[in-house]
Structures are given as structure tokens and as C-alpha cells.
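Here is the structure we will look at.
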Amino acid sequence: MNEFKINNENKITSGFTTPEGYFDDFSIDTNNRIILPKSRIKVISINTKRWVTSVAAVLIIAFSITFFTKMEVNNSDDNVLMENYITNNSEISQYDLITLLDKKDIENLSVELNLNDTKMDEEFANTNEIEYYLTE
Amino acid sequence: MEEKEFILQLLNPKTQNNAFQKLLSDYKRPLYNHIRNIVLDHDDTNDVLQNTFIKVFQNLNNFKGESKLYSWIYRIATNESITFINKKAKLNSKTSQELKTKIIENLEADIHFDGNEIQIKLQKAMLTLPEKQQLVFKMRYFEEIKYEEMSTILGTSVGALKASYHLAVKKIENYMHKN
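Protein chains in written order, with this note's numbering: chain A, 100 to 235; chain B, 5 to 183.
Given below as C-alpha cells:
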């Protein structure tokens with residue numbers, strides 16, 4: 100068998116082919132991707148506006164902090180209003196309170212009010228409503 | 005038309021469209037062949053070719069005219085092709101050589117290849133070469149690019165390119181004889 104010499108042989112082509120009309124379509128596609136977008140559409144690069152986005156983010160965070168802090172203050176105002184409302188408009192009767200309070204609660208109350216026999220005697224002696232309290 | 009004048013036309017918005025049409029018309033076929041010889045698949049070649057023209061267009065302002073426009077465009081196309089094949093190989097968890105081997109093995113089933121037995125054999129023979137040698141052989145043998153031009157595209161001396169081509173030919177002849 101003769102040795103294969105590439106320069107002695109007929110030129111071997113690569114054998115690669117393209118679809119029919121490929122190069123015409125390629126020009127159209129490439130023009131659409133390069134020339135048309137450049138001439139018709141003004142492209143705004145996101146990268147160049149990055150600082151604007153950063154400033155906007157900082158402002159949003161700053162406003163959010165102020166807003167939520169204010170919300171908390173409003174919440175505490177609301178709590179005071181709610182307490183006042185319950186105090187002034189509640190329909191809880193003294194009987195309800197007696198039912199709701201247990202022995203420990205009553206002991207706590209006595210500590211807070213510092214009630215003792217002497218004080219109670221003084222109070223009974225100076226009030227006209229003693230009979231009312233006794234019946235209640 | 006002088007090359008400098010042509011580049012000015014490409015940069016001028018008024019003459020840009022016509023100049024770019026000429027660039028496309030002059031380069032699309034030779035660049036297609038150049039890229040196809042590296043990435044092997046038609047669809048991949050189409051993507052790389054479009055990216056090449058986009059890069060050329062976007063970077064015309066940076067073209068300093070130190071080399072010829074032709075060499076500069078071919079350098080972009082070569083880099084794009086090599087980057088593409090490496091990325092594709094990585095995605096498929098293969099080396100670029102393994103990926104090319106797979107494509108060549110399936111060449112007969114490729115609708116955009118109408119080569120005969122000897123053409124397939126030549127493709128397989130080229131796979132036995134180191135990557136740089138493959139590139140030099142394809143650019144010289146298929147595309148008939150002169151060594152001086154190849155030197156400016158690949159940044160390798162003419163002497164080294166000649167030696168590389170000579171070695172490639174020897175290995176290919178040996179493969180073709182044995183197989």
C-alpha cells in the first residue's frame with residue numbers, strides 16, 4: 100500500500116455544509132441584532148445607573164426605619180387609649196372582678212394599697228358610705 | 005479603499021450601516037469556515053459567528069490599527085471559538101478534546117456534513133494532534149491562510165508555525181496510512 104502524502108492527494112475539503120440561504124439569513128439576523136437596536140432604541144445601561152439604585156435603596160431603608168419607629172410610638176399611644184377606654188367604658192361589674200381575682204391577686208392588691216386594720220377603722224369612721232360598703 | 009478610511013466609515017453613524025454591510029459580506033463566509041473548523045457544529049458556529057461580529061462592532065473604537073483589521077477580526081473569532089468550545093466541554097463535564105471526539109464520531113449523522121470516508125478519516129486524524137497544532141493545520145490546510153497572517157492572528161512566530169504545521173502533516177499522514 101502506498102504511503103499517504105497529503106500534498107500528493109487531491110485537496111480534501113472539510114465536508115462541512117450550511118443550510119440553504121444561510122448566509123443571506125445570517126446578514127439579516129446580524130443586522131437586526133447590531134444595527135437596528137443601535138439606531139432605533141436608546142439603550143440605558145443598568146450599570147451606569149447603579150449609583151441611583153444604591154441611593155434609592157438607602158433612602159427607602161432610612162424612611163422605613165423612621166416609619167416603623169413612629170408606628171411603635173403610635174402603638175403605645177393606642178395602648179393608653181385602650182386602657183382608658185376599658186377603664187371608663189367597661190361593663191365589668193364588681194362581681195366580675197371578684198370572680199376573676201384569685202386569692203393571690205387580692206393579696207397583691209392589699210400590699211399595694213397597704214391596707215391594715217387601723218387604716219380600715221379610720222376609713223370606716225370617716226366615711227358616710229359605710230353601710231353601702233358593708234352591704235356590697 | 006484604504007483600511008483606515010473603511011474603519012472611519014464603520015465608526016461614523018452616517019456611513020456605519022453601509023460599511024458594516026460590506027464587512028459582513030466580506031467576512032461572513034471565511035469566518036464561518038474558520039469557526040466551524042474549531043467548534044465543528046453548525047448551530048454552535050452560527051452563535052459564535054454572531055458573537056464575533058457583535059464584538060467587532062462594539063470594540064471598533066478600541067481598534068488601534070496596530071495590526072490589520074483582518075488579523076484583528078480573526079483573532080476575535082479564534083478567541084470566541086476556543087472560549088465557546090471550552091465552556092461547552094465544561095458544561096458537559098468533558099475536556100474540549102473529548103467533546104470534539106464525540107462530535108466527530110457522530111459526524112455521519114450530522115445533516116450539515118456531507119463528507120465521505122476520507123474526509124471523516126481526516127477529521128479523526130486531526131483529533132490526534134495537540135490543540136494548537138490542530139488549529140495551525142486547519143488554518144493552513146483548509147483556509148490557506150499565509151504563515152505571516154497566521155502569525156499576527158495567533159501571536160506565534162512564522163518559524164514556530166511552519167514547524168508546527170510540518171509536525172502536524174507528518175502525524176496526519178501516519179494516521180491516514182495506518183487506519
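Every residue, glycine too, gets a C-beta built ideally from N, C-alpha and C.
If you follow the alpha helix (DSSP H) that B:H46 is in, where does it begin and where does it stop? H46 to Q62
Chain A partners of B:F122, CB-CB under 7 Å? Contrary to the premise, residue 122 of chain B reads as Ile rather than Phe in this sequence. The answer, in chain order, is I111.
B:L73 vs B:T56 beta-carbon contact at 9 Å: no
Determine, using beta carbons only, whether B:V173 and A:N106 come nearer to each other than 9 Å. yes
Closer than 8 Å by beta-carbon distance: list the chain C residues that pair up with A:E102, in chain order. Looking for chain C here will not work: the only protein chains present are A and B.
Output the distance between the C-alpha atoms of A:S153 and A:S163, rounded to the nearest integer angstrom. 15 Å
Residues bridged to A:F115 by DSSP? B:F117
Given a cut-off of 9 Å, decide if B:K104 and B:I89 are closer than it, judged by their beta-carbon atoms. yes
Would you kindly report the start and end of the unbroken alpha helix (DSSP H) that includes A:E221? D216 to N225
Does DSSP put A:D201 in a helix, in a strand, or in coil? coil
Rounded distance between the beta-carbons of B:K32 and A:F122, thought under 8 Å: 6 Å
Between B:R252 and chain A, is any beta-carbon pair separated by less than 9 Å? For residue 252 of chain B there is no data in the structure shown, the boundaries of chain B being 5 and 183.
Looking at chain A, which residues of the region 18-48 of chain B have a Cβ within less than 9 Å of any of its Cβ atoms? Q20, N21, F24, Q25, L28, S29, K32, R33, Y36, N37, R40, N41, L44 and H46
Considering only C-alpha positions, which residue in the set B:F146, B:L139 and B:E177 is nearest to B:G159? B:L139
Quick one: is A:G114 near chain B, going by C-beta distance under 9 Å? yes
Closest to B:E7 by C-alpha separation, out of B:V60, B:G69 and B:I157, would be which residue? B:G69
Please confirm if the region 102-122 of chain B is in contact with the region 145-159 of chain B, defined as three or more CB-CB distances below 8 Å between the two stretches. no
Let me confirm a value: B:R144 is counted as buried when at least 16 other C-beta atoms fall within 10 Å, else exposed. Which label applies? buried
Secondary structure at B:N16, three-state DSSP: helix, strand or coil? coil
Any C-beta of chain A under 9 Å from that of B:K58: The sequence shown places Ile at residue 58 of chain B, not Lys. Yes, because at least one Cβ of chain A sits closer than 9 Å to the Cβ of B:I58.
Name the residues in the region 50-75 of chain B whose C-beta lies less than 8 Å from a C-beta of chain A; which are they? N50, L53, Q54, F57, I58 and F61
9 Å is my cut-off, CB to CB: does A:R149 come that close to chain B? no
Could you tell me the distance, in whole angstroms, from the CA atom of A:I197 to the CA atom of A:E222? 22 Å
Should A:I140 go down as buried or exposed, given a rule of 16 or more other Cβ atoms within 10 Å for buried? Note that A:I140 scores a pLDDT of 49, beneath 50, so its modelled location is shaky; the value from the coordinates is reported in the next line. Exposed is the call here.
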